[in-house]
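Positions 34 to 275 (the working numbering) are the ones given, in order, by the sequence shown.
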Amino acid sequence: MTLAYRLIAAGIAVVIIYMIYKASLRILRALAKGAESEYLAKITETLKVSTYFVTGIAVAAILAPEVQLFSILILLVGLAIVIMLFDALRNVGSEFYVRAKNIVRKGDWIEIDGITVRVLDLESLGVIGETMKLEKVFIPYSRMLNAILINRATPLGVLNKVTIRIPTNHSLEESRKYIDEAIDCIKAELALEPDVAYLGIKDDNMVFELSLYVVNYRKVSKVVESLEKELLKRIPDASIKA
């Protein structure tokens, strides 16, 4: 192939890559609709750099006399870059998935690795959160996709699961009655009537699970403490775990 034909082929390749870049940009912006401007700018910049890199490889591969050798060298360099940036690239991909699927939003209460966290902000590298003890937590996006994540936020309050164990020397009817009485003492803090599920007997204890919808997320710990206090007044050998 003469140099003129190579130049024409390289020009065609550049036009095709540019069209793909524009189409990809529109699709990505549509998927990330509603996201912060900082995040959209980062997507655009990443796609632009990737396009430059691919365009350079394509043009060089067409114009270089030793195409096969050049392609092998470019492939090795590309693999080396991917390996060096593997964690960063994985986190960027995880961020896009979390935002596109709207898995978590600001203000949501989530549980990850057994820790309950309120989402304060979604940054470029991960989520900034706050525990019930007001401790700051940082969760990388890649970690969110590699763990079981539960979003406990609801339109009417924060959903909090509480497990109650009562020894079997108490009757089931008596236990339910005292649980209902303890719940009545905290109803002012709840958005909905709590769900009480009897899970059966384990290790000589009757096990109940309560689903509490607490209006004010900052009062979750106090609400659970009040529930425990009221229940222990009636059944001193009961135990509660939130």
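Each residue gets a CB set at the ideal place from its N, CA and C atoms; glycine is no exception.
By the CB criterion at 9 Å, Val-47 and Val-82 fall outside the cutoff. Sorting Leu-167, Ala-180, Gly-162 and Leu-158 by C-alpha distance to the C-alpha of Pro-173 places Leu-158 at the top. Rounded to whole angstroms, the separation of the alpha carbons of Ala-221 and Asp-154 is 30 Å.
Per DSSP, Asp-213 is one residue of the alpha helix (DSSP H) stretching across 205 to 217.
DSSP places Val-248 outside both helix and strand once states are collapsed to three, so it counts as coil. Comparing C-alpha distances from Trp-142 to each of Ala-230, Val-160 and Ile-212 shows the shortest one belongs to Val-160. In this chain, the beta strand (DSSP E) harbouring Leu-232 covers 228 to 235. Per DSSP, Lys-139 is not a residue of any alpha helix (DSSP H), being assigned neither H nor E. Across the structure, Tyr-211 and Pro-269 are spaced so that their CA atoms are roughly 11 Å apart. Ranked by Cα distance from Ser-272, the options Met-177, Pro-227 and Ser-208 are led by Ser-208.
Judged by their CB atoms, Ile-148 and Val-170 are nearer to each other than the 9 Å cut-off. If you compare the alpha carbons of Ile-219, Leu-264 and Glu-206 with that of Lys-255, the shortest gap goes to Ile-219. Closest in alpha carbon position to Leu-225, among Ala-42, Asp-236, Ala-37 and Leu-192, is Leu-192. Contact annotation: Asn-184 and Ile-136 have beta-carbon atoms nearer than 9 Å.
Per DSSP, the continuous beta strand (DSSP E) segment holding Glu-163 begins and ends at 159 to 164. The Cβ-Cβ distance between Tyr-231 and Leu-205 falls below 9 Å. Counting of Cβ neighbours within 10 angstroms places Ile-95 among the buried residues, the total reaching 16 or more. Pro-200 and Gly-162 have their C-alpha atoms some 37 Å from each other.
Between Leu-80 and Ala-133, the CB-CB gap reaches or exceeds 9 Å.
Contact check for Thr-164 against Arg-176 fails: the beta carbons are separated by 9 Å or more. DSSP places Glu-78 within a helical segment (H, G or I) once states are collapsed to three.
For Leu-153, the uninterrupted beta strand (DSSP E) run begins and ends at 148 to 155, by DSSP. Setting aside the 5 residues that flank it on each side, Tyr-250 is surrounded in the same chain by Trp-142, Arg-151 and Val-191, each with a C-beta closer than 7 Å to its C-beta; the list follows chain order.
Secondary structure note for Leu-167: it is in no alpha helix (DSSP H), with a DSSP letter that is neither H nor E.
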